[in-house]
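Per the working numbering: the sequence shown = residues 10 to 223. All residues carry an ideal CB built from backbone N, CA and C; glycine is no exception.
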Amino acid sequence: GASPLVQRYTQLLVAADLSLGQLQTLRHDALAELLDLEAGFVAARSERIGRALGEWRNPELLFRYLSDNRDDARMAALVKRWLRSILGLSDETLRQMRRESAANVRHLRMFPKAVLLRWYSESCPGTSSMKVLFMLGEDAGSCLRIVGNEGNRYNKALMGYVLQSHVRALVVLDASGRVLARSLVRLLLRSDTRTPVIFCDPIFFSKSFSEDVR
10 GASPLVQRYT QLLVAADLSL GQLQTLRHDA LAELLDLEAG FVAARSERIG RALGEWRNPE
70 LLFRYLSDNR DDARMAALVK RWLRSILGLS DETLRQMRRE SAANVRHLRM FPKAVLLRWY
130 SESCPGTSSM KVLFMLGEDA GSCLRIVGNE GNRYNKALMG YVLQSHVRAL VVLDASGRVL
190 ARSLVRLLLR SDTRTPVIFC DPIFFSKSFS EDVR
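#1: Please classify Q16: is it buried, with 16 or more other beta-carbons within 10 angstroms of its beta-carbon, or exposed?
#2: Thinking C-alpha only, which one of L103, M106, D77, S132 is nearest K165?
#3: Give the DSSP-derived three-state secondary structure of T34 in the structure shown.
#4: Tell me, which residues are paired with A178 by DSSP?
#5: Can you give the beta carbon distance from A224 to L96, rounded, assuming they're within the 8 Å contact cut?
#6: Ends of the alpha helix (DSSP H) at F208?
#7: Please confirm whether P134 and L179 have their CB atoms less than 9 Å apart.
#8: Rounded to a whole number of angstroms, what is the C-alpha to C-alpha distance between D26 and L32?
#9: Go to N67, then tell me how far its alpha helix (DSSP H) extends in each direction, as first and last residue.
#10: State the CB to CB distance for the pair R93 and S99, rounded to an integer number of angstroms; the pair is presumed to be in contact (CB under 8 Å).
#11: Hey, how far is the Cα of S132 from the Cα of S28?
#12: When you compare the stretch 82–91 with the stretch 112–128, are there three or more beta-carbon pairs, one atom per stretch, that lie closer than 8 Å?
#13: Below 9 Å between beta carbons: does that hold for S55 and D148?
#14: For V176 versus S137, is the C-beta distance shorter than 9 Å?
#15: Restricting to runs no shorter than 4 residues, where is the alpha helix (DSSP H) found entirely within the stretch 71–137?
#16: Do R195 and F213 come within 9 Å of each other at the CB atom, strictly closer than that value?
#17: For the candidate residues T204, L145, F120, Q173, whose alpha-carbon lies nearest to that of R187?
#18: Flag this pair as yes or no: are the beta carbons of S174 and L117 separated by less than 9 Å?
#19: Hey, V156 and L182: beta-carbon distance below 9 Å or not?
#20: If we ignore side chains and look at the alpha-carbon of each, how far apart do M84 and F143 end up?
#21: Less than 9 Å between the C-beta atoms of S110 and L44, yes or no?
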């Protein structure tokens with residue numbers, strides 16, 4: 010059956026005396042339940058949460074992504090950790106997740122410092138924006154999309170894109186910030202010479218990208 014929280018939500022929707030305060034309380038309780046936090050802790054950071062969600066083009070997809078992966082304990086824990094960081098509900102920053110997690114550090118240690126400085130510099134082509142990387146599949150209508158996908162069958166790879174700092178994307182954006190064309194690029198080592206290389210995926214065009222400008 011439905012959880013007590015869902016039952017409360019259903020009852021509130023039909024209540025004649027529904028107030029904004031009740032909805033706000035329900036939002037705090039829902040976030041607390043989803044992200045394994047205390048409701049009071051979430052409520053005390055309400056403004057911060059609102060600002061964070063306002064920076065995302067389709068913030069509801071963040072929670073749909075969590076729902077898609079709720080049956081995979083390891084994946085669900087990672088997505089929750091990521092969402093807590095996004096919403097300012099954790100001491101761990103997004104930068105720390107991308108650059109300082111154990112798996113990322115093991116990969117990054119293979120590269121000379123000078124290479125990493127160039128890769129992380131603002132002049133490096135492409136973007137490492139999580140907001141852009143997370144929407145790559147959605148904007149292109151590819152197998153990485155969240156809406157209309159077969160649960161989490163393909164889009165688990167999104168976590169690798171947003172949380173691995175050796176991944177960037179070369180993108181063409183429209184006026185609204187939607188990705189029209191993209192090529193994923195990765196900082197890797199050649200297996201034979203152990204020298205740093207940048208591997209570029211073939212360019213992927215969204216359906217709305219004009220043939221005339223390819």
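Based on what the coordinates show:
#1: By 1-based counting over the sequence shown, the position of residue 16 is 7. A residue is called buried once 16 or more other Cβ atoms fall within 10 Å of its Cβ, and Q16, having fewer, is exposed.
#2: Within the sequence shown, residue 165 is the residue found at index 156, counting from 1. Considering only alpha carbons, the answer is D77.
#3: Within the sequence shown, residue 34 is the residue found at index 25, counting from 1. T34 falls in the helix class under three-state DSSP.
#4: Against the sequence shown, residue 178 aligns to sequence position 169. According to DSSP, A178 bridges with T136, L193.
#5: Residue numbering for the chain in the displayed model covers 10 to 223; residue 224 lies beyond these limits and cannot be assessed.
#6: Numbered from its first residue, the sequence shown carries residue 208 at position 199. Secondary structure note for F208: it is in no alpha helix (DSSP H), and the uninterrupted beta strand (DSSP E) holding it is 205–209.
#7: By 1-based counting over the sequence shown, the position of residue 134 is 125. By 1-based counting over the sequence shown, the position of residue 179 is 170. A contact, by the Cβ cut-off of 9 Å.
#8: Taking the first residue of the sequence shown as 1, we reach residue 26 at position 17. Taking the first residue of the sequence shown as 1, we reach residue 32 at position 23. Rounded to the nearest whole angstrom, the CA to CA distance from D26 to L32 is 11 Å.
#9: In the sequence shown, residue 67 corresponds to position 58, counting from 1. According to the DSSP assignment, N67 belongs to no alpha helix (DSSP H), since it is labelled neither H nor E.
#10: The sequence position of residue 93 within the sequence shown is 84, counting from 1. The sequence position of residue 99 within the sequence shown is 90, counting from 1. Between S99 and R93 the Cβ distance is about 4 Å, and since that is below 8 Å, they are a contact.
#11: Residue numbering aside, residue 132 sits at position 123 when the sequence shown is read from its first letter. Residue numbering aside, residue 28 sits at position 19 when the sequence shown is read from its first letter. Going by C-alpha positions, S132 is about 49 Å away from S28.
#12: The stretch 82–91 is not in contact with the stretch 112–128.
#13: Here residue 55 is taken as the residue at index 46 of the sequence shown, counted from 1. Here residue 148 is taken as the residue at index 139 of the sequence shown, counted from 1. D148 sits away from S55, with the two beta carbons spaced by 9 Å or more.
#14: By one-based count along the sequence shown, residue 176 stands at place 167. By one-based count along the sequence shown, residue 137 stands at place 128. Their beta carbons are under 9 Å apart, which means V176 touches S137 by this criterion.
#15: Correct list: 82–95, 103–108, 111–117, 122–129.
#16: Residue numbering aside, residue 213 sits at position 204 when the sequence shown is read from its first letter. Residue numbering aside, residue 195 sits at position 186 when the sequence shown is read from its first letter. No, the Cβ-Cβ distance between F213 and R195 is not below 9 Å.
#17: Here the question's residue 187 lines up with position 178 in the sequence shown. Here the closest residue by C-alpha is L145.
#18: Here the question's residue 174 lines up with position 165 in the sequence shown. Here the question's residue 117 lines up with position 108 in the sequence shown. Result yes, Cβ atoms of S174 and L117 sit closer than 9 Å.
#19: By one-based count along the sequence shown, residue 156 stands at place 147. By one-based count along the sequence shown, residue 182 stands at place 173. In this structure, L182 does not lie closer than 9 Å to V156 by Cβ.
#20: Counted from its first residue, the sequence shown places residue 84 at position 75. Counted from its first residue, the sequence shown places residue 143 at position 134. Approximately 15 Å between the Cα atoms of the pair.
#21: Counting from 1 along the sequence shown, the entry for residue 110 is found at position 101. Counting from 1 along the sequence shown, the entry for residue 44 is found at position 35. Contact flag unset, no.
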